[in-house]
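> Have a look at the structure that comes next, please.
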Amino acid sequence: MDSLLALRLYEWVGAQPWLETVVVLMAQYGVFALPVALAIVWIRSDSSDGQRLAILVGSVAALVAFGLGLVLERTLGRPRPFVELGFAPLLAHAADSSFPSDHTLTGVALVGALVWRAPRAGGVLILWAVLVGLARAAAGLHYVSDVIGSAVLALVIDGLAWLIVPRFIPRSRHRMH
211 MDSLLALRLY EWVGAQPWLE TVVVLMAQYG VFALPVALAI VWIRSDSSDG
261 QRLAILVGSV AALVAFGLGL VLERTLGRPR PFVELGFAPL LAHAADSSFP
311 SDHTLTGVAL VGALVWRAPR AGGVLILWAV LVGLARAAAG LHYVSDVIGS
361 AVLALVIDGL AWLIVPRFIP RSRHRMH
């Protein structure tokens, strides 16, 4: 099922040149919008609303997610769709492990913590990070299940980061002036 979905998504995008362009741009550069968006949230946030703390928690979660992603890709070694199904991906990529999707895992971990303090902004940014992952799936780099699994794992890491990170910050600094 995962292979069939990967192939159909890749073929559908490849049949529409305008969509292929959008997918390639999103797959390559979409993740860079996340730190820019967080910088805007940081600047616009009130120091007492907890959003800056959420950004700090998300940053720690992203570092943990990145490290965990490196471990998982080396231990699981799931072939990428373009390798397993024998087609050329829409953008050049190494034939390393498909799971986890580093872009999705790190991106959702980075912005996911914001949901606890700014649900609308956090939700929009999580959606953006997942769309980046889906663009990478459409480009033949990941299976859709890699993207979904990476997003869920990232949110678990965010939840754990919320339990741990604030304990290392003095109460008076939770406002993050």
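Counting in our numbering, the sequence shown runs without a single skipped number right up to 387 at its last residue. Just so it is clear, CB atoms sit at the ideal spot from N, CA and C, and this is done for glycine as well.
Taking the DSSP output, what are the residues bridged to Ser307?
For the purposes of this step, residue 307 is taken as the residue at position 97 of the sequence shown. Paired residues: Pro289.
> Can the beta-carbon of Ala216 be found closer than 8 Å to that of Ala347?
Sequence index remark: in the sequence shown, residue 216 carries index 6 (1-based). Sequence index remark: in the sequence shown, residue 347 carries index 137 (1-based). Contact flag set, yes.
> Could you check what DSSP says for Leu301 in three-state terms: helix, strand or coil?
For this step, residue 301 is matched to residue 91 along the sequence shown. Residue state, collapsed to three classes: coil.
> Arg254 lies in the alpha helix (DSSP H); which residues open and close that run?
In the sequence shown, the residue the question calls residue 254 occupies position 44. From DSSP, the alpha helix (DSSP H) with Arg254 extends over Ala243 to Arg254.
> Going by C-alpha to C-alpha distance, which of Val281, Asp312, Ala331 and Leu266 sits closest to Arg377?
Taking the sequence shown and counting its residues from 1, one reaches residue 377 at position 167. Of the candidates Val281, Asp312, Ala331 and Leu266, the one whose C-alpha sits nearest the C-alpha of Arg377 is Leu266.
> Nearest to Leu273 by alpha carbon, out of Arg218, Val246, Gly333 and Val375?
Translated into positions along the sequence shown, residue 273 becomes position 63. Here the closest residue by C-alpha is Val375.
> By Cβ distance below 6 Å, which residues in the same chain neighbour Ala275 in space, the five residues on each side in sequence not counted?
Residue mapping note: residue 275 aligns to position 65 of the sequence shown, counting from 1. If we look at Ala275 and ignore the five residues flanking it on each side, its Cβ neighbours are Leu315, Thr316, Ala319, Ala364 and Ile367.
> Near Pro310, which residues of its chain fall below 6 Å by C-beta distance, leaving aside the five closest residues on each side in sequence?
Indexing the sequence shown from 1 puts residue 310 at position 100. Cβ within range, chain order: Gly279, Leu282 and Ser360.
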